[in-house]
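Working notes, structure below.
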Amino acid sequence: MRKPLIAGNWKMNNPIESPKVLLVNILVHARMLEKKLLQEENASEIDIAIFPPSVYLKDAQEILTGSKLHWGTQNVSAYDEGPYTGEISASMIKGFGCDYVLIGHSERRCLYESLDLDQYVLDQIVAQKYAKAISHDLTPIICIGETAEDYAAGKTQDVLARLLDVLIEHQGVQSLSKTVLAYEPVWAIGTGQSATPEWVQEVHAFMRERIAKHDAATAEMIQIIYGGSVKPDNAAAIFSQPDVDGGLIGGASLEIEEFSDICYSAALHAS
Ligand code: PEP
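Numbers in the working numbering are just positions in the sequence shown, counted from 1, shifted up by 9.
Next comes the structure, spelled out in structure tokens:
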């Protein structure tokens with residue numbers, strides 16, 4: 010059985026309260042949630058990971074160390090050190106006690122796409138970052154999803170297969186057993202227009218089957234989470250799908266009540 014994961018991506022947002030206050034609130038609510046779940050017969054234990062902007066990692070480390078919560082960064086460099094202004098390396102990230110890194114978020118891919126790099130080159134960059142994360146014992150959350158144009162053209166599976174194949178080619182299929190895949194249709198991120206639970210299930214099952222062609226055990230083990238306008242009112246239906254192992258939450262991760270409700274849904278419905 011796969012343990013559900015809820016990952017909260019703050020992006021470059023400042024919480025309404027200060028970052029420190031939100032981190033403390035998350036900690037307090039996570040403890041309340043744990044107690045609440047003791048009353049539920051069918052609740053699973055879940056992992057919760059927070060992705061604040063990197064300048065708040067020290068706060069995350071100070072506030073969350075010793076708790077069951079995890080934290081991580083929204084990006085990692087493909088290099089160890091050197092003249093890469095604005096980048097942050099895997100070993101620096103590890104130094105802040107992080108367990109996870111987000112890789113290939115579509116909001117970052119757009120920045121590179123504006124440089125006119127083609128999809129193949131972008132996938133290679135993601136694969137290099139993936140290798141760096143794994144070699145530093147960080148769990149990569151690989152964001153993968155189609156644009157609105159790809160979706161309309163029926164190319165979703167092609168887009169996902171392309172990146173999955175690159176990762177497998179670079180690091181071997183078994184590396185995926187220590188990886189989280191986040192299916193994030195670009196058209197659903199921050200738009201309030203989530204994918205339907207049935208669509209999410211179909212896509213997650215496709216990815217699992219594709220991995221199973223290389224290694225059935227890895228396919229069974231890998232956590233595949235969904236991201237794209239998850240809110241308390243659609244979380245249960247999405248998380249109830251058999252191949253959905255939790256969610257990557259953007260906007261709602263900055264609202265403590267909403268985020269807690271989503272975590273609660275994951276504990277009751279995911280995996
Ligand atoms: C995200 O940032 O990965 C995301 C899914 O955002 P939102 O939940 O706001 O759509």
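All residues carry an ideal CB built from backbone N, CA and C; glycine is no exception.
Point to revise | When Trp196, Leu190, Thr227, Leu169 are compared against Gly181, the one with the closest alpha-carbon | key: By one-based count along the sequence shown, residue 181 stands at place 172. If we check each option's Cα against that of Gly181, Thr227 comes out closest.
Exercise for review: Please name the residue in Asp56, Glu49, Gly237 whose C-alpha comes closest to that of Thr156.
Suggested key: Within the sequence shown, numbered from 1, the residue matching residue 156 stands at position 147. Ranking the options by Cα distance to Thr156, first place goes to Gly237.
Exercise for review: Give me the Cβ distance between Ile55 and Ala246, rounded to the nearest whole Å; I'm assuming they're in contact under 8 Å.
Suggested key: The count along the sequence shown starts at 1 and reaches residue 55 at position 46. The count along the sequence shown starts at 1 and reaches residue 246 at position 237. With 8 Å as the limit, Ile55 and Ala246 do not qualify as a contact, their Cβ atoms being about 17 Å apart.
Check your understanding: Counting Cβ pairs, one atom from each stretch, are 3 or more of them under 8 Å apart for the stretch 210–217 and the stretch 162–172?
Key -> The answer is yes - the stretch 162–172 touches the stretch 210–217, with three or more Cβ pairs under 8 Å.
Practice item. May I ask you to check if the CB of His344 is nearer than 7 Å to at least one heavy atom of the ligand PEP? Key: Lying outside 10 to 280, the shown extent of the chain, residue 344 is not represented and no answer is given.
Exercise for review: Compute every distance between the C-beta of His179 and the non-hydrogen atoms of the ligand PEP, then say whether any falls below 7 Å.
Suggested key: Working through the sequence shown from its first residue, we reach residue 179 at position 170. No, Cβ of His179 sits at least 7 Å from all heavy atoms of the ligand PEP.
Review point. Using DSSP with H/G/I as helix, E/B as strand and the rest coil, what is Val85?
Key: Within the sequence shown, residue 85 is the residue found at index 76, counting from 1. Of the three classes helix, strand and coil, the one that applies to Val85 here is coil, per DSSP.
Check your understanding: Should Gly255 be labelled buried (16 or more other beta-carbon atoms within 10 Å of its own) or exposed?
Key -> Numbered from its first residue, the sequence shown carries residue 255 at position 246. Answer is buried; the Cβ neighbour count reaches 16.
Review point. What are the boundary residues of the alpha helix (DSSP H) that includes Pro28?
Key: By one-based count along the sequence shown, residue 28 stands at place 19. Where Pro28 is concerned, the enclosing alpha helix (DSSP H) stretches over 28–47.
Practice item. With DSSP as the reference, please indicate the residues paired to Gly5 in a beta bridge. Key: Residue 5 lies beyond the residue range present for the chain, which begins at 10 and ends at 280; the question has no answer from this structure.
Check your understanding: Just curious, the beta strand (DSSP E) that Gly236 is in, first and last residue?
Key -> For the purposes of this step, residue 236 is taken as residue 227 along the sequence shown, with counting starting at 1. First-last of the beta strand (DSSP E) with Gly236: 232–236.
**Study point:** Assigned exposure category for Leu173 - 16 Cβ within 10 Å defines buried
**Key:** For this step, residue 173 is matched to residue 164 along the sequence shown. Per the 10 Å Cβ criterion, buried.
Practice item. Can you check DSSP and say which residues form a bridge with Cys152? Key: The sequence position of residue 152 within the sequence shown is 143, counting from 1. According to DSSP, Cys152 bridges with Ala191.
Point to revise | Cα-Cα separation between Asn22 and Gln83, rounded to whole angstroms | key: Here residue 22 refers to the residue found at position 13 of the sequence shown. Here residue 83 refers to the residue found at position 74 of the sequence shown. Each residue's alpha carbon lies about 12 Å from the other.
Practice item. Answer yes if the stretch 73–90 comes into contact with the stretch 136–153, meaning at least three C-beta pairs across the two stretches below 8 Å, and no otherwise. Key: yes
Exercise for review: Express the C-alpha separation of Pro251 and Gln210 in angstroms, rounding to a whole number.
Suggested key: Translated into positions along the sequence shown, residue 210 becomes position 201. Translated into positions along the sequence shown, residue 251 becomes position 242. C-alpha separation (whole angstroms): 7 Å.
Exercise for review: Work out the CA separation of Leu36 and Lys29 for me, nearest whole Å.
Suggested key: On the sequence shown, position 20 is the one that residue 29 refers to. On the sequence shown, position 27 is the one that residue 36 refers to. Near 11 Å, if we compare the C-alpha coordinates of Leu36 and Lys29.
Review point. In terms of residues, what are the limits of the alpha helix (DSSP H) holding Val212?
Key: Reading the sequence shown from its first residue, position 203 is the one you call residue 212. Residues 206–221.
Check your understanding: Nearest to Ser63 by CA position, among Leu47, Leu42, Tyr109, is which residue?
Key -> On the sequence shown, position 54 is the one that residue 63 refers to. The residue among Leu47, Leu42, Tyr109 with its C-alpha nearest the C-alpha of Ser63 is Tyr109.
Exercise for review: Give me the Cα-Cα distance between Pro24 and Phe268, rounded to the nearest whole angstrom.
Suggested key: Numbered from 1 along the sequence shown, position 15 holds the residue referred to as residue 24. Numbered from 1 along the sequence shown, position 259 holds the residue referred to as residue 268. Distance between the alpha carbons of Pro24 and Phe268: 13 Å.
Point to revise | Cut-off 8 Å between Cβ atoms - residues of its own chain near Ile258, not counting five sequence neighbours on either side | key: If you number the sequence shown from 1, residue 258 lands on position 249. Excluding residues within five positions, the ones whose Cβ falls inside 8 Å are Ile15, Ala16, Gly17, Asn18, Gly236, Val239, Phe268, Ile271.
Exercise for review: Whole angstroms is fine: what's the gap from Leu32's alpha carbon to Ala69's?
Suggested key: As a first step, residue 32 must be located in the sequence shown, where it is residue number 23. As a first step, residue 69 must be located in the sequence shown, where it is residue number 60. Each residue's Cα considered, the two are about 7 Å apart.
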